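Heads up, the thing below is written out as C-alpha cells.
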Amino acid sequence: MKILSAGLLWTLASLMLFGMLACSDPYKDSLRVGDVITSTVPDAMKTVVDIRTAGLITKDEAGNALDYIHFVDLADRPYIQCVQDVHTSSKVGGLTSCANDFLSQLNDPAKLALIHVSESQGQAKLNVLIGTLTTGLTTLVSSLGGA
Amino acid sequence: MDPATIISLAFEAINAGIKLVAEVKTSGGMTTDQIIAHAQQQFPQNDQLYATLKASLT
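Those protein sequences? They're chains A and B, same order as listed.
With the working numbering, letter number 86 in the first sequence gets 119, and the count goes up by one each step, no holes.
With the working numbering, letter number 47 in the second sequence gets 372, and the count goes up by one each step, no holes.
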C-alpha cells in the first residue's frame with residue numbers, strides 16, 4: 034500500500050490540476066494564493082490537533098506538525114511582500130521567482146522532517162494536509178508561464 | 326492502510342486542491358487591497374492560534 038503514498042496522491046492531484054489555472058492577472062492570482070494559504074493555516078492547525086486527539090500521532094509529532102504549519106505561515110508573509118514588490122517594480126519573471134522561493138522553503142528537508150510521524154495513517158493525513166498548502170503554489174508556478 | 330482509506334484520502338486531496346485553485350481563479354472577486362488586508366488580518370490570529378494549540382497538546 035505504500036506504493037499509493039500520499040506523495041503519489043499529490044502527484045495525481047497536481048496532474049489533474051495542471052493547466053486548470055489560467056492566469057488572467059498573474060499578480061492577483063499570486064497574491065490570492067498567499068492569502069488562501071494564510072486562510073488555510075487555522076484549519077490545518079486544528080486538523081493536526083484532531084489527528085492527535087484521534088491517537089494517530091504522538092504529542093511530540095503533533096507539536097512538530099504545528100511547528101511546520103506555523104513555519105509555512107511565516108514563510109507566506111515574505112512571499113506576499115515579494116509579490117507586492119515585484120508588482121511595484123514590474124520585474125519580469127519576478128512573480129515566478131517569488132513562488133519558487135516560497136516552494137523551496139516549504140520543501141526544505143529540515144522542515145519537512147518535522148512532519149514525519151511513525152503511524153502510517155497519521156502520516157498520510159498529515160501529507161494530505163501539507164499537500165493542500167502547497168498544491169495552490171505548485172499550480173500557480175505552472176500557470177504563471179514565467180511571469 | 327486499506328484501499329477505501331486511500332481512495333478517500335485521494336479524493337480529499339484532489340478536492341482540496343481544486344477548491345484552492347477555484348479560489349485563485351476567482352481572485353477577481355476581491356480587489357488587491359482587499360486581498361492584502363485579509364492576509365494581514367489573518368497573520369496575528371494565526372500566531373495566536375498556533376501558540377494556543379501548541380500549549381494545549383496533551
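C-beta: ideal position from N, C-alpha, C; glycine also.
All figures in this text were calculated on a predicted structure; none of them were measured in a lab.
- Message: Which residues in chain B have a C-beta closer than 8 Å to the C-beta of Ile113(A)? List them in chain order.
- Response: Here residue 113(A) refers to the residue found at position 80 of the first sequence. Taking the beta carbon of Ile113(A) as reference, the chain B residues within 8 Å of it are Ile361 and Ala364, listed in sequence order.
- Query: Rounded to a whole number of angstroms, what is the C-alpha to C-alpha distance between Ser176(A) and Val125(A)?
  - Reply: Sequence index remark: in the first sequence, residue 176(A) carries index 143 (1-based). Sequence index remark: in the first sequence, residue 125(A) carries index 92 (1-based). Distance between the alpha carbons of Ser176(A) and Val125(A): 15 Å.
- Task: Run down chain B in chain order and give the residues with a C-beta less than 7 Å from the C-beta of Ala180(A).
- Result: Position 147 of the first sequence, counted from the start, is the residue given in the question as residue 180(A). Going along chain B, no residue has its Cβ under 7 Å from Ala180(A), so there is no contact; the nearest lies around 14 Å.
- Message: Can you confirm whether Leu136(A), when its beta carbon is compared against all beta carbons of chain B, has any partner nearer than 9 Å?
- Response: Here the question's residue 136(A) lines up with position 103 in the first sequence. No, Leu136(A) lies away from the interface with chain B (no Cβ there is under 9 Å from its Cβ).
- Message: Measuring straight from C-alpha to C-alpha, what distance separates Ile361(B) and Asp68(A)?
- Response: On the second sequence, position 36 is the one that residue 361(B) refers to. On the first sequence, position 35 is the one that residue 68(A) refers to. Their Cα atoms are separated by approximately 7 Å.
- Pro75(A) CB to nearest chain B CB: under 9 Å? Here residue 75(A) refers to the residue found at position 42 when the first sequence is read from its first residue. Closer than 9 Å to some Cβ of chain B, the Cβ of Pro75(A) qualifies, so yes.
- For the segment 83-103 of chain A against the segment 131-150 of chain A, are there 3 or more C-beta pairs whose distance is under 8 Å? yes
- Ignore the nearest five residues each way along the sequence and tell me which others in Asn371(B)'s own chain have a CB closer than 8 Å to its CB. Counting from one through the second sequence, the residue named residue 371(B) turns up at place 46. For Asn371(B), where only same-chain residues beyond five positions count, there are no Cβ hits under 8 Å.
- Task: Note down, in chain order, every chain B residue with its Cβ under 8 Å from the Cβ of Leu151(A).
- Result: As a working note, residue 151(A) is residue 118 in the first sequence. Here residue 151(A) turns out to be Ser, not Leu, going by the sequence shown. Correct list: empty, because the minimum Cβ distance to chain B is about 14 Å.
- Report the three-state DSSP secondary structure of Ala180(A) (helix, strand or coil). On the first sequence, position 147 is the one that residue 180(A) refers to. Correct three-state label for Ala180(A): coil.
- Message: Contact between the segment 114-128 of chain A and the segment 374-381 of chain B is defined here as three or more beta-carbon pairs at a separation below 8 Å; is this criterion met?
- Response: no
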